[in-house]
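In my numbering, the protein residues as written are 141 to 354.
For each residue, glycine too, the CB sits at the ideal point set by N, CA and C.
One structure below.
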Ligand code: AP5
Ligand code: MG
């Protein structure tokens, strides 16, 4: 099972990926989480990426493609994977096509979580994250369910970074959806309901036959 989660900042990619990971027992590959782990560890990549993420901009295609290339070759990806946050630009989408061909893999489904701008802003301003395991929680949650850590606000959820994040998504990432539309793999999910309602739609979309032509 190889799945691609697509959607704007705050659309619920991480939330639904958690559910899919538990359901299918395949890794959740979130490029934003990987970059935040590098920042936390203070690696050279983390030092380079920190100001870019804080400003709501994108890390270069070259770096991101190298990261995803190495991650998809890890042994835990053999049974499948859920990608979240990649590709975000057309060059990344083209590189992923090539990589999937090289690996002899193809996507079962591209899941597009569609959420209004108003709701995105509401969710991002209230989101809490676990600094240890990166799980996300809605406002008012006391501590991480998995490890009990106190929750914090993500640096790029501060108001000054949210606007550029949405702008760059509209400019560079919306065209990526068109890249996949022709494949017959895109399932549009109404991302405006409760987390449970959306999970039901996501699972139904994963189970439905694709209209992909061989
Ligand atoms: P990344 O971490 O991928 O951030 P993002 O795309 O902006 O998405 P988010 O993680 O903010 O939102 P989400 O869709 O996962 O929503 P969530 O489930 O948390 O990337 C961060 C940065 O890294 C980028 O800005 C860029 O700088 C860099 N980067 C990463 N990949 C890159 C790439 N490929 N190329 C270049 N740069 C890259 O939900 C949000 C909130 O809403 C939570 O509080 C959640 O509890 C709540 N929620 C979820 N669903 C619902 C619901 N149905 N109802 C009510 N609340 C809900
Ligand atoms: Mg996320």
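Distance cut-off 7 Å: residue i Cβ against heavy atoms of the ligand MG
i, result
"residue 297", "no"
"residue 303", "no"
"residue 330", "no"
"residue 224", "yes"
Proximity test, residue i beta-carbon vs the ligand AP5 heavy atom, cut-off 7 Å
i, result
"residue 170", "yes"
"residue 247", "no"
"residue 231", "no"
Rounded C-alpha distance that separates residue i from residue j
i, j, result
"residue 354", "residue 320", "Annotation note: pLDDT 44 at residue 354 (below 50); position unreliable, no value reported."
"residue 163", "residue 231", "31 Å"
"residue 265", "residue 144", "25 Å"
"residue 279", "residue 339", "20 Å"
"residue 341", "residue 169", "21 Å"
"residue 316", "residue 304", "18 Å"
"residue 175", "residue 275", "15 Å"
"residue 252", "residue 204", "21 Å"
N-terminal and C-terminal residue of the alpha helix (DSSP H) that residue i is part of
i, result
"residue 356", "Outside the shown range of the chain, which is 141 to 354, sits residue 356, and nothing can be said about it."
"residue 330", "Unbroken run through residue 330 is the beta strand (DSSP E), 326-330; no alpha helix (DSSP H)."
"residue 170", "No alpha helix (DSSP H) holds residue 170; the beta strand (DSSP E) holding it covers 168-170."
"residue 161", "153-164"
"residue 320", "314-321"
For residue i, the residue or residues it bridges with in DSSP
i, result
"residue 277", "268"
>> Which runs of the alpha helix (DSSP H) at least 4 residues long sit entirely within the stretch 188-252? Give them in chain order.
In response: Taking 4 residues as the shortest admissible run, the stretch 188-252 contains the following complete alpha helix (DSSP H) segments, listed from N- to C-terminal end: 201-212 and 230-243.
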